[in-house]
Structure formats: C-alpha cells, structure tokens
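Protein chains in written order, with UniProt numbering: chain A, 1 to 464; chain B, 1 to 464. Just so it is clear, CB atoms sit at the ideal spot from N, CA and C, and this is done for glycine as well. Quick caveat: nothing in here was measured; it's all calculated off a predicted structure. Comments concern the structure below.
Printed below as a string of structure tokens:
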C-alpha cells in the first residue's frame, strides 16, 4: 500500500488498536478468547489524507476500522477483517484542530480526533464549552461521539451529542459528503441523523460542526435522598415533564445507593444514621448538577416532593469520581471481579418494569451478583437506565459467564426498551438490532451502506 | 383495480385532490398552466387498507400521491404520474382515530389523517395538547406534519414536529415499518429522522406516536416593539441563547411592521404616535406568547434590551389573525394581487445578510412589490426567516412572473441558508436540493427509495 500518511506495523501500536474497553475486550487482552489485531495502524493528519487512505484501501480491498479514543464497550472498534484479507486501524488522533468558531451563532467546527478534554481546552480559549461529559470523556473523541450517538452526564442540560451537531463532514469511499446546512431544515429527511450513529459503516467522520455554549459560571452539584425507587422515578419524571431538570440528573436505586454510601467512608455512618432519623427506609441517592440551567427552577419544583438534602459535599464526591468507572476496571479485574455495565431507555410507564426485568435476568444468570441501577438521562417521555454489575469472576469460563449474562439482560431489555441508549450497537448489540428497527430498517441501512461503501471496506462486522 | 376501500372517480373529488395551496396551484385552478388531476381518489379507512392499496397499486403499476390536508405550498401533492400510466390521490382522512394515550409518559398515538384542530380536540379530552400550530393548522394533518418536517408557530416552546415524534408507522410497498422505540437511543442511525421529511417517497405514514403536554393554563400573548431589525435580531438571539424564549417568538422587520400597524385600523395612529413619542425610529414588532414556558424568565431577560411594550391587545390581535394568511389568499387573488410566501433558516451570523439578499432578489425581479419578513422560529444557533410578497399580478404572464421571482429568491436563499425551514421540498424546491445535501445525499435518498419503493409508485416527481 502506498504510504499516504503515517503507517505503523509495530506490534505495540497494533495491540493498542486491538478492540475497545468492554469487559470482554479486557479479558481478551488477558488471554481469554481471540483478540483480533489490525495488520497496521494508519494515522492520517487531515480530512484529505483520510479520503486518500480510503481510496487506497478500496483499491487494495483492505478493511478499515475508524479508531478514535478506542473506548467502545460494545466491540465497535474490534479489528475485524470480514471477508477482506487485511484490516487496518485508522487512528484519527492526527485530526486534532479546532477549525473555526462562530461566536455569534455559537457554532464551532472540531476535527474528529479531538478528545473530550482537548475539546474543552480549545473551546475554553474562546469562552465556550461543549458540555459533553460521558464517562469516556477523558479518552473518547468528537468523531466517536458522533459515530455512536453519545450522551453525556450533563445531557439533560446540554442535550445528547446528536442534539449539538449542526453538520458533519464525512469521508466516504465514493467521495466527501458534508451533511447539515442550517439550525433546522425541512429539506427532506434529516440525513445528518443518518450519519450520526453510523458507527463507521458509511464513512469516516473527519469534522463536526457543533453548537457550543458559554462556559458555566459557578456550576453547582448537590446530593439528595428520596425514600425508595418509585419516589425517585416520580421526582425525576416531574422535573423532566415540568421542564426544570438540572443539567446533571441522576437517580440511583437502593442497591447503588447502598454501595455509594458505603464508599463514602467515614461519613457513611453519619449519613446513614441521619437518613434513619429522617425516616428514610430505602434511601435512593439523587445527584443534581447545574451548569447552564436554573437551579431555582429545579429547587422550587423539588419542594413538592419528599426529599432529604445531603448538600454539596455529596455532589462534590460524585463530581470527583465521575470518570472513575473506566479507571477502576483493570484493578477490579486484577482482584478477580467481573465488572461490566449495560444501559437502555424506555418510556416512563415502563421504567420500573424494565429495571426489574433486567435485574432479575442478571441475577438469575449470575447468581450472587451485585446489580446496581441508576437513571442517567431523563426526557419528558422517559428515561435511560444504566446498570453496573459486579460478580466474582468465573475461573473456568470468564468469557462465557459474562456472555450468557449479557444475552439474558439484552433479551429482557429488547422486550421493553431500546437495546442501547448511548453505548451504540457495535458487535455486541447486533443480535438485537433487527428486533428494534425491523428487517426493513436493517435493509435500509444495508442499502445506504451499499451506496456509500460499495466494496464494504468500512468497519466490517459492526452495526449491520 | 380491485376496490379495497372507497374509490371515487367523480370530477369534483378529483379536482379537490389536484395539487395543494401554493400561489401557482391557485393560478392553475384558475386556468393558468396545466393542472394535473388524479385519475381517482382512494380513501382507505385503516393502516391495513393503506397497505392493501399500495399492494394493488404496485401490482397495477399505478402512481400514488399521499394526500392529507392538501395544504402543501411546494407542489408536494401535485397529482403527477411520472412514468406510470395512472395516478391516484390517497386521501388519508379516514385514518382519524386517537389510537392510544400513555398519560404517565405523555405519549399519544395519532392516526395520520387527523387534522390540527381534531388532534387538539381528541387530546384535549385527556387534558393534553400537541402544541403544533403551523399556519396550515386548520386543514393540515398529523401525517402531513411528519412527512414535511413541519414547524408550528409555537415551536420555540413545543419544538418542531420532528422533536415531538416518538415513532412512526409507515406502510411501504415492501411491508409495514414501525420506526422509533424509545425516548432516545443509540441503536444506530436515527431512522425515524429518515422517515420524517420523506414527503411520501418511502411509504405512507399511517400513525405517529407523539410527545404531548398538559393543556396550557392561562396562555398569554403580548406585543412589543424594538427600534430596528438589528436590535430585534439581537434581542431574539439573546432570548434563544439564554434559554428563555417564549413559546411563540416572532420578530417582524420594519416593512412587515408597517403593514401590521396599518392593518390595526383605528388604533394604528395612536400606536404610531406613541412609538414616535418613545423615540422609536424604525419600529419592528415582536410578538411573544407563553403557553408552557416561563414568562418571567423571558421578561427578566428582556429588561436588558430597549423594548417598548404594546401589551396584550397587540398579542390578542396577532392571535386572532394567526391562521388568516391562507384564508385571505383567494380574496387577494380576486383583487389582482400576486401573494406568496417563502422561508429559510440560517445561523445568526448570516441572518441579516440572508434577509437582505432575498429581499433584494425579490425586488429586483418583481419591481414595485411589498416584501415583508419575520423571524418565525429561533434556535440557539440561528433562526428562520419567513417572507411574504405582495405585488400586482401580471396580466400577461402571472405564472412566469412568480416563477422567475421564486428562482431569484431561491438562488439567494441557497447561497446562505437552507432552501426550506418548514415548507418542505415538494416539486418547487427540488432544483436546489442537491446544492444543500450534495449529490451523495441525493444518491442516498435514491438508494433508500429503491429499497422501500422498488417500482417507484410513490409520489413521483417530488423531493427527488
């Protein structure tokens, strides 16, 4: 292959681009199961070089796996070659520029390889924030956020990533496509929403034009406790339906709350005794954070509910640990713990039924597991549910142990909600996609793929 | 053709389904230019009957034009047969049921043929409103709103129609497709947004699941005046970017304001004198209406701007006439006036340049015309512009007179904004679509069309 940009064949580079960060990915890196490794890592430095790499890969019939931060937890960046004889990881870190800022319109164009922190730094120089803080924030990239329909912890305030996108620049095997022209349009279907969430199937996202906001002045995070899951759901629902959600709105169920309080260390027993004193039988933690929305509007709506305020220390504690999940996983694995997360969303009338169904499915499959759940994103019509599972790792069959639990949980999820609210489909959620979008939906995606990637070099084995 | 449902061959019925309500449509009904008339009007009474009609039309290779309220102003329901030997208008008025209401999730499923007022009546029985009030409200339908990415006068508060849609049920020639599963999802591209705005190309929308809201308690509408267009744009922009827009937010330019004040009759001179007294040199009218959003938030942000309050009478006057535009057009035509509207949207940094460009293009083409403009919908990153044009109708060539003006305006629009913010593409905006979505975008739409409507019976000659 002609070298149109930096190409590495080093084992260390190839291994670093072998899959994402799911529990099964981590196991694979530890020798459990096959670990597909790309034949090379290709690192273009501009949208033009990305286009040139695609041209060369079409010519040589080489599979291409677009690779941003490599934080996929659904097998979205596995180095699968499909029917091709070779596969390269397309590392987009070289696309790292802030292309332009329109301060009046509050629109900024960012290149795809920019990570969360770097985006905040670049925009911060202009007084702006993107406000997109998923748990993968520290490593994930603008292109990855768009390719997977990411949702950040503050999405109740700033919106999901797709809500921020004004336009997308996409390198496809049939040419460059810029999609999205105005803040809103009725010029046919919203093709931007076809590119967002396309998980590298239709092309490589090289630049994204995004709505930005002024950096928050004095953000504030607080902890609250309600008595029982149903009371919490009802509270979050009314905040959402009254239009007074905090930017960050998170409700933990009693199991997650128990763990959170236990982890609070020396303060834990004080808090627990205080809650008992206040007559809270089944504490469920609520974290609210205000960055751009009105705290007083939320607080005035809260007054209609029975809520115990735990104050800003609890909010600060959440803030401090907000990106800890991914960091702690290797240590937990070392300690012999299987740890993974799952997520979904559904309408309010099914939120509790869905939580119970997933919880039961996981417990039935895993036995003595800790299954915790929280609402991470709330909407007027429903909410997301995010599950964290911890269980002693099977020594004989750690891969099978989780694979079976994942199937059980996903079957339960797909009966009552979406198979994924913000983790994307990748390889892991594929078996449930057709149930959600119909065989016609799958055919439509295939038709678009055939149009844009006629030889099928792009990210084989994912999404479709 | 077998009769799977009511079929009418009566001239009166066929004529009633011959095109929409654009100025050129009205001229055609008055004998200027060709008026394509459907060969029959087919009126199914259920989603199943729609599917059956499509099956029969595929079998007999008959073109199908889905027909809701017939209010398209872009040629979206012209009875074109394309390469087919016959064309039927598919009148969806028989799909008139409220299918279900989930009051907890605030989601209602409405059939496609329900008109705006009927939707409000049906939802009102459950205490809800849809909050979708485009100027076509009185006749247009749920299916039409979805098929054209409609935006209502209160879209700053309730959102555009696509923001309200939870899922869509679509009858396609290859089978039924239900798309949309949860309040939000990362399960691949948002295919719902491919169906919304598809203008009958991919299938016939039979049911739409929609987010609803409680009926407003004490809505309030008020008039204000600012001095000059730029001051008004700046005011609306800050309301949008501060997140305190009224549900209805409308800014008229000085030309539209002049006409609005003149039409206010006996009060006009009082208002004009008052504004002169207050030192307003170039009055621009602002109408704000609150239905679900907070008036106090808007008002407190307004206090930072130089604004003259005209009070609730001016708001009531706007409310009274909010659907008058379409009603008055026939009378104006009778009086020898060419009257038509155009609309677009762009980012804030280009709003004024776009207004000037369209205004100049229209005046250059039409000579002594009245060209009025208002911002009808505001977003954080930009706004829509809505133009109303009045000019003495050419006696020799009324069709050519407007056709040339439309081309000039659309050329100007397509350089700086979207070719349509809420009127859709239909037949009239087709020449500018490729400029906006790229040839790749057009190819993608064609690929999806080929997948869902392989024999091309659906709405020939529109969108694509």
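inquiry  = Quick check on residue 183(B) - is its C-beta less than 9 Å from some C-beta in chain A?
reply    = Translated into positions along the second chain, residue 183(B) becomes position 183. Answer yes: the Cβ-Cβ gap between residue 183(B) and chain A drops below 9 Å somewhere.
query = From 265(B), 108(B), 113(B), 138(B), pick the residue whose C-alpha is nearest to that of residue 124(B); which is it?
reply = Looking up residue 124(B) in the second chain gives position 124. The candidate whose alpha carbon is nearest that of residue 124(B) is 108(B).
request  = Using the Cα positions of residue 436(B) and residue 185(A), report the straight-line distance between them to the nearest angstrom.
outcome  = Numbered from its first residue, the second chain carries residue 436(B) at position 436. Numbered from its first residue, the first chain carries residue 185(A) at position 185. In a straight line, the C-alpha of residue 436(B) is about 10 Å away from that of residue 185(A).
ask   = Mind pulling the beta strand (DSSP E) runs of 3 or more residues that sit fully within the region 180-242 of chain A?
value = 204-211, 220-227
key: residue 343(B) classed as buried or exposed, judged by whether at least 16 other C-beta atoms fall within 10 angstroms   = For the purposes of this step, residue 343(B) is taken as residue 343 along the second chain, with counting starting at 1. Answer is buried; the Cβ neighbour count reaches 16.
query = Is the shortest distance between the beta-carbon of residue 297(A) and the beta-carbons of chain B less than 9 Å?
reply = For the purposes of this step, residue 297(A) is taken as the residue at position 297 of the first chain. So, interface residue.
request  = Leaving out five residues on either side along the sequence, give the residues of the same chain with a beta carbon under 6 Å from the beta carbon of residue 152(A).
outcome  = Here residue 152(A) refers to the residue found at position 152 of the first chain. These residues qualify, in order along the chain: 132, 133, 134.
query = Among 91(B), 222(B), 182(B), which has the Cα closest to the Cα of residue 310(B)?
reply = Reading the second chain from its first residue, position 310 is the one you call residue 310(B). If we check each option's Cα against that of residue 310(B), 222(B) comes out closest.
query = Does the beta carbon of residue 284(A) come closer than 9 Å to any beta carbon on chain B?
reply = Sequence index remark: in the first chain, residue 284(A) carries index 284 (1-based). So no, residue 284(A) is outside the interface.
Residues of its chain near residue 117(A), where Cβ-Cβ distance is below 8 Å and the 5 sequence neighbours each way are ignored = As a working mapping, residue 117(A) is identified with position 117 in the first chain. Around residue 117(A): 137, 138.
inquiry  = Could you give the first and the last residue of the continuous alpha helix (DSSP H) run that contains residue 338(A)?
reply    = Here residue 338(A) corresponds to residue number 338 of the first chain, with the count starting at 1. Note, residue 338(A): premise wrong, no alpha helix (DSSP H); beta strand (DSSP E) at 337-347.
query = Below 9 Å between beta carbons: does that hold for residue 385(A) and residue 371(A)?
reply = Within the first chain, numbered from 1, the residue matching residue 385(A) stands at position 385. Within the first chain, numbered from 1, the residue matching residue 371(A) stands at position 371. The answer is no: Cβ separation not under 9 Å.
ask   = Once you ignore the five residues that flank residue 1(A) on each side, which residues in its own chain have a CB closer than 6 Å to its CB?
value = Stepping through the first chain from its first residue, residue 1(A) is reached at position 1. Per-residue confidence for residue 1(A) stands at a pLDDT of 48, beneath the threshold of 50, marking its modelled position as unreliable; the derived number appears in the next sentence. Closer than 6 Å at the Cβ level, and outside the excluded window around residue 1(A), lie 56, 60.
message = Under 8 Å: do the region 204-212 of chain B and the region 258-265 of chain B share three or more Cβ pairs, one atom per stretch?
response = no
Sequence ranges, alpha helix (DSSP H) only - wholly within the region 108-192 of chain B, length at least 4 = 116-124, 142-147, 155-158, 161-164
key: Outcome for residue 106(A) when other beta-carbon atoms lying within 10 angstroms are tallied against a minimum of 16   = One-based indexing of the first chain puts residue 106(A) at position 106. Its Cβ being crowded by 16 or more others within 10 Å, residue 106(A) is buried.
task = Between the Cα of residue 130(B) and those of 157(B), 174(B), 148(B), spot the shortest distance and give me the residue it belongs to.
result = Indexing the second chain from 1 puts residue 130(B) at position 130. That would be 157(B), whose Cα lies nearest to the Cα of residue 130(B).
task = Specify the secondary structure class of residue 250(B) as computed by DSSP and reduced to three states.
result = Looking up residue 250(B) in the second chain gives position 250. If DSSP states are grouped into helix, strand and coil, residue 250(B) belongs with the strands.
Residue environment, residue 9(A), which counts as buried when at least 16 other CB atoms sit within 10 Å = Start at 1 with the first residue of the first chain, and residue 9(A) comes out as number 9. Answer is exposed; the Cβ neighbour count stays below 16.
request  = State whether the region 30-50 of chain A contacts the region 405-423 of chain A, with contact taken as three or more CB pairs (one from each stretch) at a distance under 8 Å.
outcome  = no
Residue from 36(A), 293(A), 387(A) whose Cα sits closest to the Cα of residue 217(A) = Taking the first chain and counting its residues from 1, one reaches residue 217(A) at position 217. Ranking 36(A), 293(A), 387(A) by Cα distance to residue 217(A) puts 293(A) first.
message = Using a Cβ-Cβ cutoff of 9 Å, what residues of the region 136-168 of chain B are near chain A? List them in chain order.
response = 148, 149, 150, 151, 155, 160, 162, 166
query = Distance, Cα to Cα, residue 234(B) vs residue 348(B)?
reply = By 1-based counting over the second chain, the position of residue 234(B) is 234. By 1-based counting over the second chain, the position of residue 348(B) is 348. Approximately 9 Å between the Cα atoms of the pair.
ask   = residue 444(A) by DSSP, collapsed to three states: which one?
value = Position 444 of the first chain, counted from the start, is the residue given in the question as residue 444(A). Note: residue 444(A) maps to helix in three-state DSSP.
task = Using a Cβ-Cβ cut-off of less than 8 Å, list which residues of the region 241-257 of chain A approach chain B; keep chain order.
result = 241, 243
key: Same chain, Cβ closer than 6 Å to residue 18(B), five either side skipped, listed in chain order   = Taking the first residue of the second chain as position 1, residue 18(B) is located at position 18. Once the five neighbours on either side are set aside, the close Cβ partners of residue 18(B) are 35, 37, 79.
request  = Using a Cβ-Cβ cut-off of 9 Å, state whether residue 132(B) counts as contacting chain A.
outcome  = Here residue 132(B) corresponds to residue number 132 of the second chain, with the count starting at 1. Cβ-Cβ to chain A under 9 Å: no for residue 132(B).
task = Could you check if residue 334(A) is buried or exposed, using at least 16 other CB atoms within 10 Å of its CB as the buried criterion?
result = The residue labelled residue 334(A) in the question sits at position 334 within the first chain. With fewer than 16 Cβ atoms within 10 Å of its Cβ, residue 334(A) is classed as exposed.
Where the alpha helix (DSSP H) containing residue 326(A) begins and where it ends = As a working note, residue 326(A) is residue 326 in the first chain. 324-334 is the span of the alpha helix (DSSP H), which, as asked, contains residue 326(A).
ask   = Quick one: does residue 377(B) have its CB under 9 Å from some CB of chain A?
value = Start at 1 with the first residue of the second chain, and residue 377(B) comes out as number 377. Residue 377(B) counts as touching chain A.
request  = Measure the Cβ-Cβ separation of residue 337(A) and residue 286(A) and say whether it is below 9 Å.
outcome  = The residue you call residue 337(A) lines up with position 337 of the first chain. The residue you call residue 286(A) lines up with position 286 of the first chain. No, they are not a contact pair.
inquiry  = Distance check for residue 203(B) and residue 143(B), CA to CA, integer angstroms please.
reply    = Residue 143(B) sits at position 143 when you count from the first residue of the second chain. Residue 203(B) sits at position 203 when you count from the first residue of the second chain. Approximately 11 Å, taken between the alpha carbons.
message = Which residues does DSSP list as the beta-bridge partners of residue 311(B)?
response = One-based indexing of the second chain puts residue 311(B) at position 311. In the DSSP output, where bridge partners are listed per residue, residue 311(B) has 223(B).
query = Which word fits residue 258(A), buried or exposed, when buried means at least 16 other C-beta atoms lie within 10 angstroms of its C-beta?
reply = Counted from its first residue, the first chain places residue 258(A) at position 258. It counts as buried.
ask   = For residue 323(B), which residues of its own chain have a beta-carbon under 7 Å away from its beta-carbon, when the five flanking residues on both sides are left out?
value = Against the second chain, residue 323(B) aligns to sequence position 323. So the list reads 135, 137, 138, once near-sequence residues are dropped.
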